[in-house]
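S.K.:
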Amino acid sequence: MQFKPCPVQLSYKVAESDKMKMANDLKDLQARRNNRLQASTPPVDSGSLPPLNHLPDDTEGWTTYDQPILYVYAGKGPFVGRDYMAFPVSQPDDGLIDVMAQPLSSRKEILGSLGGAAEGETYWQPSLHYVKAHAYRVKPLSPKGALAVDGEIFPFEEFQVEAHQKLATLLSPCGYYAADFSPPRLTKVSPESKKGISKGP
Numbered sequence: 011m012q013f014k015p016c017p018v019q020l021s022y023k024v025a026e027s028d029k030m031k032m033a034n035d036l037k038d039l040q041a042r043r044n045n046r047l048q049a050s051t052p053p054v055d056s057g058s059l060p061p062l063n064h065l066p067d068d069t070e071g072w073t074t075y076d077q078p079i080l081y082v083y084a085g086k087g088p089f090v091g092r093d094y095m096a097f098p099v100s101q102p103d104d105g106l107i108d109v110m111a112q113p114l115s116s117r118k119e120i121l122g123s124l125g126g127a128a129e130g131e132t133y134w135q136p137s138l139h140y141v142k143a144h145a146y147r148v149k150p151l152s153p154k155g156a157l158a159v160d161g162e163i164f165p166f167e168e169f170q171v172e173a174h175q176k177l178a179t180l181l182s183p184c185g186y187y188a189a190d191f192s193p194p195r196l197t198k199v200s201p202e203s204k205k206g207i208s209k210g211p
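Numbering (the numbering used here), first residue to last: 11 to 211.
Printed below as a string of structure tokens:
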């Protein structure tokens with residue numbers, strides 16, 4: 011039995027899309043900061059928001075995910091709930107947004123991937139498309155749909171998001187999100203997660 015697709019088009023400016031590399035980069039970052047006891051240094055506060063780097067009319071360098079999508083989920087910080095580590099490779103000061111897109115899948119596949127959600131195991135689901143992006147935009151393809159921001163319902167309209175690097179201050183004893191997540195030794199990312207990707211001009 012199949013779910014119905016979400017009527018949206020997802021585009022993003024990709025920084026990294028290799029799941030294993032993102033997981034290894036996270037472990038390297040944690041090791042460096044543990045060894046040096048070095049925390050991220052915030053920039054000098056100018057008292058105003060920095061300008062946007064990616065304007066809505068910008069078309070160069072964007073990648074479009076063309077497969078039918080079940081859902082799009084984006085955020086900063088590993089956990090979105092006590093029992094769901096949605097973004098296990100998220101880093102607080104990389105200036106990037108972690109974006110996942112689940113292509114249309116069976117109920118069995120989706121439900122079967124939830125067993126290790128608290129440990130971030132859904133990240134390794136072969137069909138799940140996961141990227142780190144400088145910015146992303148979502149364009150509705152239908153007048154009806156659902157959009158939620160931090161659990162609050164918003165108008166189902168086209169929008170764009172980018173992250174301002176080191177704009178906020180995170181208090182942490184270790185200089186990173188202290189989520190227990192490690193790459194498996196023998197995981198191979200399925201080519202299924204690479205399908206449906208087209209790059210702009």
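For every residue, glycine included, the Cβ atom is placed at its ideal position computed from N, Cα and C.
Measure the C-alpha to C-alpha separation of Ile163 and Asn45 and round it to an integer number of angstroms.
M.R.: Straight-line Cα distance between these residues: approximately 43 angstroms.
S.K.: Per DSSP, which one or two residues make a beta bridge with Gln77?
M.R.: None, per the DSSP bridge assignment.
S.K.: Enumerate in chain order the residues of its own chain whose CB-to-CB distance from Leu59 is below 8 angstroms, with the five nearest sequence positions on each side excluded.
M.R.: Excluding sequence neighbours, Leu59 sits near His174, Leu177.
S.K.: Between which two residues does the beta strand (DSSP E) carrying Lys118 extend?
M.R.: Lys118 -> not in any beta strand (DSSP E); alpha helix (DSSP H) instead, spanning 117-122.
S.K.: So, for Pro98: in the same chain, excluding its five sequence neighbours on each side, which residues have a beta-carbon less than 7 angstroms away from its beta-carbon?
M.R.: Pro88, Gly130, Tyr133, Ala189, Phe191, listed in sequence order.
S.K.: Which one or two residues does DSSP pair with Tyr140 in a beta bridge?
M.R.: Looking at the DSSP assignment, Tyr140 forms a beta bridge with Met110.
S.K.: Would a C-beta distance cut-off of 8 angstroms place Gln19 and Thr69 closer than the cut-off?
M.R.: No; because the gap between Cβ atoms is not below 8 angstroms, this pair is not in contact.
S.K.: Using the rule of at least 16 other Cβ atoms within 10 Å of the residue's Cβ for burial, across every protein chain shown, is Thr30 buried or exposed?
M.R.: The sequence shown places Met at residue 30, not Thr. Burial call: exposed.
S.K.: Rounding to the nearest angstrom, what Cα-Cα distance links Gly125 and Leu106 in this structure?
M.R.: Between Gly125 and Leu106, the C-alpha separation is close to 28 angstroms.
S.K.: Given a cut-off of 8 angstroms, decide if Ala156 and Val109 are closer than it, judged by their beta-carbon atoms.
M.R.: No, the Cβ-Cβ distance between Val109 and Ala156 is not below 8 angstroms.
S.K.: What's the call for Arg147, buried or exposed, on a 16-neighbour Cβ count within 10 Å?
M.R.: Label assigned to Arg147: buried.
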